[in-house]
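Participant: Heads up: the sequence lines are chains A and B, in that order. Note that my numbering has the first sequence beginning at 1, numbered continuously upward. Note that my numbering has the second sequence beginning at 1, numbered continuously upward. Backbone N, C-alpha and C define an ideal beta-carbon position, used for all residues, glycine too.
2 protein chains.
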Amino acid sequence: MTLRGPGRPRTLSRDRIVAEARRIADEEGLGALTVRRVAQRLGTGQASLYRHITDRGALLGLLADDVAARLPRPADGVDDARERLTRHWLAAHDHFLRHPWAARIIADGEHLAHGADDFAGAALDALETAGLSPDDAPRAYRALWNLLLGHILNTHPLGHTRTPPPPAPDERSDFAWALRRLLDGVLGAGDVRN
Amino acid sequence: MTLRGPGRPRTLSRDRIVAEARRIADEEGLGALTVRRVAQRLGTGQASLYRHITDRGALLGLLADDVAARLPRPADGVDDARERLTRHWLAAHDHFLRHPWAARIIADGEHLAHGADDFAGAALDALETAGLSPDDAPRAYRALWNLLLGHILNTHPLGHTRTPPPPAPDERSDFAWALRRLLDGVLGAGDVRN
DNA sequence: ACCTGAACACCGTTCAAGT
DNA sequence: ACCTGAACACCGTTCAAGT
């Protein structure tokens, strides 16, 4: 590691750009994430960014990859495979809830990143350990992933005219309920209550 | 019905604008749907549209509502509640597969439309008929809806490094598999194979 | 009343010119 | 080499002026 004085490093770099862009996305959403704004907050000219990133699209891809790479690892010290899966996906949901814009980028799928490979691998392993066939494990993985994505992306569940939201339809417990039910269906439903 | 000569009607109207915008979205995607382009294809000036729609956002809302209102009704003549639910949601999936851009607008959720009220009502009825409590039916509805949305919105399921896609991971059968598993988990899994 | 060209304030991206 | 202001081709939206 090289020594570095205090204060802002004075040269531009891809990492500095991505870090600043992530800050903007977290604070103000994806809509506020313009090339000009990133440059402005870095105290540099707009055109300078194009030395380090090829495109706004590529920048979004780097951002999403960054968030995907930080997806949680499966919980250690939990024996039951179903319980471990539940906790792992619940943690993944919490992670994306903190960076919902990343889910949007990933869903758009322009930039197929490798950041989530560890997560996907661990989830597939857990599903096979839980007894799924090599055919079914990827199907189950995609079902879980799409359920998660839908929960993150969908701001209003689209059926709110019927009943007033019971106590408060909080997104986390909503996903937890759906997740357990899907795992029941996928793993063969040992004991169908919770 | 009033008589009308052949050729393009010469006055602008909200319906004509929405219809043309829907055509553009279906043919070229949401990105190509600009106010200027709609105006151009209607042979009118850009500014004229603002007499009939308040906003580009409002136009998108009208479009999504239009698609939501055309969601399929539940199949008649199917006795088994689970089977009727399966067919209904599979049909809804097919519907959105034809207009994926509409799912994106609905997910963004700026414009909470009423077009899907019939669909939501029917689905909730079917879930309660299938034996769910008034507490669980809306949860199950949201789970199904979010699963559907995730499947439509997610172009690349994000775990494609492991295995080569078996014969061809066709989206429809992928959703069908996930849907049946979720219904198994939600309805209590009568017979867990298919 | 209804329509519209031109203008305004934004984008992402490029490029010649600076150091 | 690395950076950049100015320009280009787009946006959505507004408004004074037309009929």
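1) Could you tell me the alpha carbon to alpha carbon distance between Arg104 of chain B and Arg181 of chain B, rounded to whole angstroms?
2) Which word fits Pro164 of chain A, buried or exposed, when buried means at least 16 other C-beta atoms lie within 10 angstroms of its C-beta?
3) Is the CB of His52 of chain B under 8 Å away from at least one CB in chain A?
4) If you count every other CB in all the chains shown that lies within 10 Å of the CB of Gly185 of chain A, and 16 or more means buried, which is it?
5) Is Leu63 of chain B near Asn146 of chain A, with beta carbons less than 8 Å apart?
6) At the level of alpha carbons, what is the spacing between Trp177 of chain A and Glu128 of chain A?
7) Taking all protein chains shown into account, decide if Tyr50 of chain B is buried (16 or more other Cβ within 10 angstroms of its Cβ) or exposed.
8) With 16 other CB atoms within 10 Å as the buried threshold, where does Asp80 of chain B fall?
9) Assuming Gly45 of chain A and Ala39 of chain A are in contact, meaning their beta carbons sit under 8 Å apart, how far apart are those beta carbons, in whole angstroms?
10) By the criterion of Cβ-Cβ separation under 8 Å, what are the contact partners of Leu153 of chain B in chain A?
11) Look up Leu71 of chain A in the DSSP assignment and say whether it is helix, strand or coil.
12) Taking the alpha-carbon positions, what's the His52 of chain B to Ile24 of chain B distance?
13) At least one CB of chain A closer than 8 Å to the CB of Gly77 of chain B: is that the case?
14) How would you label Pro138 of chain B, buried or exposed, when you count the other beta carbons within 10 angstroms and need 16 or more for buried?
15) Assuming Leu85 of chain A and Leu183 of chain A are in contact, meaning their beta carbons sit under 8 Å apart, how far apart are those beta carbons, in whole angstroms?
16) Where does Val38 of chain B fall in DSSP's three states?
17) Mind listing which residues of the segment 81-96 of chain B have their C-beta closer than 9 Å to chain A's C-betas, in chain order?
18) Determine which residues of the segment 16-28 of chain A have a Cβ less than 8 Å from any Cβ of chain B, and write them out in chain order.
19) Can you tell me whether DSSP reads Leu12 of chain B as helix, strand or coil?
20) Our contact map puts Phe120 of chain A next to Tyr141 of chain A with C-beta atoms below 8 Å; I'd like the distance itself, whole angstroms only.
21) With distance defined between alpha-carbon atoms, name the residue in A:Asp66, A:Ala69, A:Glu171 and A:Arg87 nearest to Asp76 of chain A.
22) Need the endpoints of the alpha helix (DSSP H) that Arg104 of chain A sits in, please.
23) DSSP on Leu179 of chain B, reduced to helix/strand/coil?
24) Compare the C-alpha of Leu59 of chain A against each of A:Leu124, A:Arg73, A:Ala21 and A:Asn154 and name the closest.
25) Can Gly109 of chain B and Asn154 of chain A be called in contact, C-beta distance under 8 Å?
26) Ends of the alpha helix (DSSP H) at Pro150 of chain A?
27) Locate the alpha helix (DSSP H) running through Leu124 of chain B, then write down its first and last residues.
28) Cβ closer than 9 Å: which chain B residues qualify as neighbours of Val186 of chain A?
29) Roughly how many whole angstroms lie between the Cα atoms of Val18 of chain A and Pro74 of chain A?
30) Can the beta-carbon of Gly29 of chain A be found less than 8 Å from the beta-carbon of Leu149 of chain B?
31) Between A:Leu42, A:Val35 and A:Asp26, which has its C-alpha nearest Leu12 of chain A's C-alpha?
32) Closer than 6 Å by C-beta to Ala123 of chain A: which residues in its own chain qualify, once you throw out the five before and the five after it? Chain order, please.
Facilitator: A quick look at the data gives this:
1) 25 Å
2) Note that Pro164 of chain A scores a pLDDT of 47, beneath 50, so its modelled location is shaky and nothing firm can be said.
3) no
4) buried
5) no
6) 22 Å
7) exposed
8) exposed
9) 6 Å
10) Ala107, Leu149, Gly150 and Leu153
11) coil
12) 18 Å
13) no
14) buried
15) 6 Å
16) helix
17) none
18) none
19) coil
20) The question names Phe, but residue 120 of chain A is Ala in the sequence shown. Right, the Cβ-Cβ distance comes to about 7 Å (below 8 Å), so this counts as a contact.
21) A:Arg87
22) Pro100 to Asp108
23) helix
24) A:Ala21
25) yes
26) In the sequence as displayed, the identity of residue 150 of chain A is Gly instead of Pro. That run of the alpha helix (DSSP H) goes Asp136 to Leu153.
27) Asp117 to Thr129
28) Ala178, Arg181, Leu182, Asp184 and Gly185
29) 27 Å
30) no
31) A:Leu42
32) Tyr141
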